[in-house]
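38 is the number of the first residue of the sequence shown in our numbering; add one for each residue after it.
C-beta: ideal position from N, C-alpha, C; glycine also.
Let me begin by presenting the structure, written as structure tokens, before commenting on it.
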Amino acid sequence: MRPFRGLYIVTICLLLSLTANAQDYFNSDAFWGKLQLDSKRIETGETKIDTAIVVATNRALQPNDKLRFMSEEADTGIVRYYYVYAYGGKWHVLQAENLQKAIGYLPRPNRDWVIYTEGMGKIFTNDIDRGMRLTAQYNVNVLLMDYPSIRSNTKRIPNYKFAIKHARVAYKDFAPVLDTLQQLRAAHRMGNGKLSLFFHSMGNNVMSKTVTSGKVALLNDKAWVDNIILNAPCVPEKRHRRWVDKLIFAQHVYVHYNPRDHTLQGAHLLSFKKQLGEKVKKPISKQATYINFNSITDRGHSNFIYLPGREPAQPASIKHYNTLFHGNEVDVSDTTRYRPTQYHHIGYDLLP
Numbered sequence: 038m039r040p041f042r043g044l045y046i047v048t049i050c051l052l053l054s055l056t057a058n059a060q061d062y063f064n065s066d067a068f069w070g071k072l073q074l075d076s077k078r079i080e081t082g083e084t085k086i087d088t089a090i091v092v093a094t095n096r097a098l099q100p101n102d103k104l105r106f107m108s109e110e111a112d113t114g115i116v117r118y119y120y121v122y123a124y125g126g127k128w129h130v131l132q133a134e135n136l137q138k139a140i141g142y143l144p145r146p147n148r149d150w151v152i153y154t155e156g157m158g159k160i161f162t163n164d165i166d167r168g169m170r171l172t173a174q175y176n177v178n179v180l181l182m183d184y185p186s187i188r189s190n191t192k193r194i195p196n197y198k199f200a201i202k203h204a205r206v207a208y209k210d211f212a213p214v215l216d217t218l219q220q221l222r223a224a225h226r227m228g229n230g231k232l233s234l235f236f237h238s239m240g241n242n243v244m245s246k247t248v249t250s251g252k253v254a255l256l257n258d259k260a261w262v263d264n265i266i267l268n269a270p271c272v273p274e275k276r277h278r279r280w281v282d283k284l285i286f287a288q289h290v291y292v293h294y295n296p297r298d299h300t301l302q303g304a305h306l307l308s309f310k311k312q313l314g315e316k317v318k319k320p321i322s323k324q325a326t327y328i329n330f331n332s333i334t335d336r337g338h339s340n341f342i343y344l345p346g347r348e349p350a351q352p353a354s355i356k357h358y359n360t361l362f363h364g365n366e367v368d369v370s371d372t373t374r375y376r377p378t379q380y381h382h383i384g385y386d387l388l389p
């Protein structure tokens, strides 16, 4: 058992090393230079804005740093809203006084919506990068819920602890954001598109803690969300049914898992807890549809977005996410795309 454990310690260190190396790029002067913090909207004239997102973040500002203006620490209890848009070779970052105001800046209000929460390893720049890629790739409006999940000057294992700590308390700031979204939807102030909540990896702690803290009661009056997507959830598998069963404010709930997910195997090792996105077992939630990604990703962890330097996301995977991100239900009876899985007979395999 010791050699096995040692192998996984080496593996997780390598994975965290890759995360750290990515930060060298996203934390460079050149990449920060792509972002411009504005005090007012740029007049674009006849030029239409193609790529834009809304950001809700609990990060602390760094007012004395004109380049790296957003910190790697949380400003707990404070959420700031930003409209981020691409124009003139820059990503312009404009603070809005509230969520409604930020949403009002978006150029295509009637697109479908994805409320996107990422996992470990994101400073402000690469979280923005993920959000901008998602909106461009899937033609959806994106509200990115951003929280500190790495320190660029911290070693590997402490960074895991830093990330999981912040992921587990981020719900305190973001549950009210979800409640505001519910109110805006009810008042028809978010266009007429469908709406999906997408939590990736450690970001799933926002949803699980919203439920287990009791704050989900504010959201559960009726089903006002089309899809909740729990993607490769880096949360404990044990007793997950208890909180997933309470997600009744969505028409459909999906749990994406991969029994050979190397990233979640590392989290399993470090936390001594089986992860929902890795070792799912019965009893399972009656609210959710479970999708096994192993046929698509082998040992992979993320397959929903095209990223430079990464193996391209599989077409079957992109088609699956496109269905969900546009608020639609996947047709698991389509035998060209899905089949009942043999993995503990929990849900369906997504086919290549």
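For H305, the uninterrupted alpha helix (DSSP H) run begins and ends at H299 to S308, by DSSP.
In this structure, the straight-line span from the alpha carbon of H289 to that of S233 is close to 9 Å. Beta-bridge partners of W128 (DSSP): L72 and A123. About 12 Å separates the CB atoms of F63 and M107; that is not less than 8 Å, and the two are not in contact.
For F236, the pairing in a beta bridge is given by DSSP as T154 and L267. Cβ atoms of V272 and T326 stay farther apart than 8 Å, at about 18 Å. The beta carbon of A204 sits closer than 6 Å to those of M239 and N242, all from its chain and outside the five residues before and after it, given in chain order. Q379 carries a coil assignment under DSSP once its states are collapsed to helix, strand and coil. For M169, the enclosing alpha helix (DSSP H) has its first and last residue at F161 to Y175. The count of Cβ pairs closer than 8 Å, one atom from the segment 310-322 and one from the segment 347-367, stays below three, leaving the stretches out of contact. Put simply, the backbone Cα of K202 is about 12 Å away from that of R188.
D216: member of the alpha helix (DSSP H) spanning Y208 to A223, first to last residue.
Going by C-alpha positions, S354 is about 8 Å away from F330. The C-alpha of H357 lies about 19 Å from the C-alpha of D298. With a cutoff of 8 Å on beta-carbon distance, V130 and D75 are scored as near each other. Contact annotation: Y153 and G141 have beta-carbon atoms that are not nearer than 8 Å. The beta-carbon distance between A139 and V214, rounded to whole angstroms, is 11 Å. This is too long to meet the 8 Å contact definition. Beta-bridge partners of N178 (DSSP): W150.
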